[in-house]
Amino acid sequence: MMAQTQPTPRRIVVLNALPLNALPRRPLNMIVEPITNIVSLAMWLSHMVRQGYAVEHYIRHPATIAALRGLGAPIDERPSSGLYQWQEGDVVVVVTLRQPQRGQEAAQVRPEDLEAWEVRVRPIA
């Protein structure tokens, strides 16, 4: 009887930053591409859910979550205090404020206050 292999996770992970300690300690290729339209990001996330992907977020800032959800992004409304750990197959999206305020949290965030990147991480064979 042949051993069954686990399917590659089909998840999209939305982060406010990509900490390097979330990645495995081995050689990796990383490609970072800007997502130019935050509205199209929300629509793409919804499309990917219909394609069978799970969307997880690790964002603790309520105003950022509210802005993404206001655009229709299928993310949980609760802030996350979890720590992200990369898994092979993850689709990583990093969403940040265009102009972060050190030591302050923005009470309100509009979609135009956000910028995003898709980060592709692949092990080097």
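Note that our numbering has the sequence shown beginning at 417, numbered continuously upward.
Beta carbons: idealized from backbone N, C-alpha and C, even for Gly.
Remember, it's a predicted structure, so these values are computed and weren't measured experimentally.
Q | alpha helix (DSSP H) segment containing I454, residue limits | A | I454 to R466
Q: Could you give the DSSP three-state label for P450: helix, strand or coil?
A: strand
Q) Can you tell me where the beta strand (DSSP E) with L530 in it begins and where it stops? A) L530 to P539
Q | Residues that L431 bridges to, as DSSP identifies them | A | Y474 and V510
**Q.** Beta-bridge partners of L487, as assigned by DSSP
**A.** Answer is none; L487 lacks a bridge partner.
Q: Have a look at V430, A483 and L487 and flag the residue whose alpha-carbon is nearest the alpha-carbon of A523.
A: A483
Q: Kindly indicate which residue of V429, A541 and V448 has the alpha-carbon position closest to the one of V465.
A: V429
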